[in-house]
Structures are given as C-alpha cells and as structure tokens.
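K.L.:
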Amino acid sequence: MPRKKQFDEDEVLEKAMQLFWLKGYHGTSIQNLVDYLGINRASLYDTFGGKHQLFLETLDRYKFSNADALLESFKEMDNVLDGLKSMFMILLQESLDDEEQKGCLMVNTTTELAPHDEVSTKVVQENRQKFIRFFKSLLEEAQERGELDADKDPEDTAQYLFTLYNGMKVIAKLEKDPQVMERMLETGLSVLD
Numbered sequence: 180m181p182r183k184k185q186f187d188e189d190e191v192l193e194k195a196m197q198l199f200w201l202k203g204y205h206g207t208s209i210q211n212l213v214d215y216l217g218i219n220r221a222s223l224y225d226t227f228g229g230k231h232q233l234f235l236e237t238l239d240r241y242k243f244s245n246a247d248a249l250l251e252s253f254k255e256m257d258n259v260l261d262g263l264k265s266m267f268m269i270l271l272q273e274s275l276d277d278e279e280q281k282g283c284l285m286v287n288t289t290t291e292l293a294p295h296d297e298v299s300t301k302v303v304q305e306n307r308q309k310f311i312r313f314f315k316s317l318l319e320e321a322q323e324r325g326e327l328d329a330d331k332d333p334e335d336t337a338q339y340l341f342t343l344y345n346g347m348k349v350i351a352k353l354e355k356d357p358q359v360m361e362r363m364l365e366t367g368l369s370v371l372d
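As numbered in my numbering, residues 180 to 372 make up the sequence shown, in order.
#1: Along the chain, which unbroken stretches of the alpha helix (DSSP H) at least 4 residues long are found entirely within the region 281-331?
#2: Given this structure, state the Cα-to-Cα distance separating M360 from M347, to the nearest angstrom.
#3: Between the alpha carbons of P357 and G228, how many angstroms are there, rounded?
#4: Report, in whole angstroms, the separation of the C-beta atoms of E291 and G203, which I expect to be a contact under 8 Å.
#5: Helix, strand or coil: which one does DSSP assign to E190?
#6: Less than 8 Å between the CB atoms is what I'm expecting for T237 and E188, so what's the real figure, rounded?
#7: Less than 7 Å between the beta carbons of R240 and L192, yes or no?
#8: Taking 7 Å as the cut-off, decide whether the C-beta atoms of E319 and P333 are in contact.
#9: Counting Cβ pairs closer than 8 Å, one from the region 212-226 and one from the region 260-274, do we hit at least three?
#10: Give the straight-line distance between the Cα atoms of S316 and E326, rounded to the nearest whole angstrom.
#11: Using a threshold of 7 Å, state whether the C-beta atoms of N345 and V303 are closer than that.
#12: Would you call the CB atoms of L201 and K309 closer than 7 Å?
#13: What residue from R312, E354, A351 has the CA that sits closest to D335's CA?
Right, dumping it as structure tokens:
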C-alpha cells in the first residue's frame, strides 16, 4: 500500500521556487532542497522526479503567476501607454526593494541555463513569446486609440520592451540608486513618446 504524502505539494513548489530564485539552479543542491523544503530525498524524487524536474515545475509556476499579475494590472487602465509606463515603474520599484537582489527568475534562468539546457530554454522562450504578444496587443490597442504613433511597429516595439524589462532586472542587481534607475527607465520608455 503506497504511503500517504506528509507534505503539501503546492507549498513545497512555492518554497522550491523561492530557493531556486535566490540561489539559482546550479547554486541549489539536492541537500539544500531537502533541508529547505523539509522533505526527504526519496519524497523529492518520488514526487518531482529530481532537481531538474522540480526546477522546471517552479519555472512554470513562476511564469504563470508573474504574467497573470501583469495582465490583471491592465484591466482598469484608461490609457494604455500610461499603464505600460506605470507597470515598468512598479517593476522598477520591486527591483529596488528586492533586498536579496533575486531579480527575475526567468531572466536569471536565461543567463544561467540557456542555451545549455534545452528544456529550460524552451520554457524561457515560451515566457518571452507570451510577454511579447502581451506587449504587442497593448501597443496595437494604443495605436487604435490614437495614443501611439501609427508609424511605430508594434512587434519591434514589443521586442524592445521585453528587452528593456530584462535589462532592467539585471542592472537593478548592480545599481541601487533609484534616481539613476528611473532615468534609465525613462530614457528606455521614451520610445513610446
């Protein structure tokens, strides 16, 4: 008769995500996971298949929670471009408030694992495409409303905004002066003017 699990998988996934986010994939050992999650090795392997599979599950969890929160923030916006600029300012503030300097788990995964890990790269690429589609749809809506010049290419601008977001998350690990970061962001967002 199989033994009943003595832990909540959802809670373990959340904790594992936080640990990978803080220490990175390579910086997190199986023993770190066992200690931090409070489960034994056998349970970890039986439930998640090992460190790599657990990591991939945490990436999926992060991907959906992160994107859903951003999508939700636009439901009440009257002006699309103001909403985009506001979203970037919120992301900047989150980066500045990040005392552990974790950054973005997807950005961290991109720099740590891609292109050496095909499966992780696929997840990161899916996340990238989701954000580019999100930005593109907002930019197209802004053009329809007359908020954004018709000569701005929504696809190119969406790619740029995704790059700006990723760059901001990396630089925020180094630069903690809010005024410097705000000026960089304002310059980056001037593409929308």
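Built from N, CA and C at the ideal position, the CB exists for glycine as well.
On a predicted model such as this, the values are computed, not experimentally measured, just so you know.
P.N.:
Considering the structure as presented:
#1: Counting only runs of 4 or more, we get 284-291, 297-323.
#2: Residue mapping note: residue 360 aligns to position 181 of the sequence shown, counting from 1. Residue mapping note: residue 347 aligns to position 168 of the sequence shown, counting from 1. Going by the C-alpha atoms only, they are around 8 Å apart.
#3: Sequence index remark: in the sequence shown, residue 357 carries index 178 (1-based). Sequence index remark: in the sequence shown, residue 228 carries index 49 (1-based). Going from the Cα of P357 to the Cα of G228 covers about 42 Å.
#4: Residue numbering aside, residue 291 sits at position 112 when the sequence shown is read from its first letter. Residue numbering aside, residue 203 sits at position 24 when the sequence shown is read from its first letter. Right, their Cβ atoms sit about 5 Å apart.
#5: Counted from its first residue, the sequence shown places residue 190 at position 11. Here E190 sits in helix by DSSP.
#6: As a working note, residue 237 is residue 58 in the sequence shown. As a working note, residue 188 is residue 9 in the sequence shown. Not quite, the Cβ-Cβ distance comes to about 12 Å (not below 8 Å), so this is no contact.
#7: Mapped onto the sequence shown, residue 240 falls at position 61. Mapped onto the sequence shown, residue 192 falls at position 13. In contact: R240 and L192 (Cβ atoms closer than 7 Å).
#8: As a working mapping, residue 319 is identified with position 140 in the sequence shown. As a working mapping, residue 333 is identified with position 154 in the sequence shown. Yes, they are a contact pair.
#9: Below 8 Å, too few C-beta pairs join the region 212-226 and the region 260-274 to call them touching: fewer than three.
#10: On the sequence shown, position 137 is the one that residue 316 refers to. On the sequence shown, position 147 is the one that residue 326 refers to. Their backbone Cα atoms lie some 13 Å apart in a straight line.
#11: Along the sequence shown, one-based indexing puts residue 345 at 166. Along the sequence shown, one-based indexing puts residue 303 at 124. Their beta carbons are not under 7 Å apart, which means N345 does not touch V303 by this criterion.
#12: As a working mapping, residue 201 is identified with position 22 in the sequence shown. As a working mapping, residue 309 is identified with position 130 in the sequence shown. For L201 and K309, no; Cβs fall outside 7 Å.
#13: Position 156 of the sequence shown holds residue 335. Answer by Cα proximity: R312.
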